[in-house]
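Student: Quick note, the sequence shown lines up with residues 14 to 80 if you use this note's numbering. All C-beta atoms, glycine included, are put in the ideal place defined by N, C-alpha and C.
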Amino acid sequence: MIVFDPFWKTLKEKNMSVETLITKYNISENTINRLRENKEVSTLLLNKLCNILHCNVQDIFEYVPEK
């Protein structure tokens, strides 16, 4: 299972708010909710988040094996 826990940590470390992602970078609230709920997102979004946050993909998500 892909989880986005690292994304929230990276967002905090970069002093970036969800509101900034929505207003300045046009990330939709629906997309934010998908990240919160660990639902599927596109690789285009992952690329965009890496560019915005100046980070690597491992700073956005991680794979956790399902039991």
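#1: What is the residue span of the alpha helix (DSSP H) that Val77 lies within?
#2: Is it true that the CB of Leu58 sits closer than 7 Å to the CB of Ile73?
#3: Which same chain residues, not among the five before or five after Glu79, have their C-beta less than 8 Å away from its C-beta?
#4: Exposed or buried, what is Thr36 when buried is set at 16 or more other beta-carbons lying within 10 Å of its beta-carbon?
#5: How big is the Cα-Cα spacing for Trp21 and Asn28?
Tutor: Working from what's here:
#1: Premise fails: Val77 is in no alpha helix (DSSP H) and is neither H nor E.
#2: no
#3: Met14
#4: exposed
#5: 11 Å
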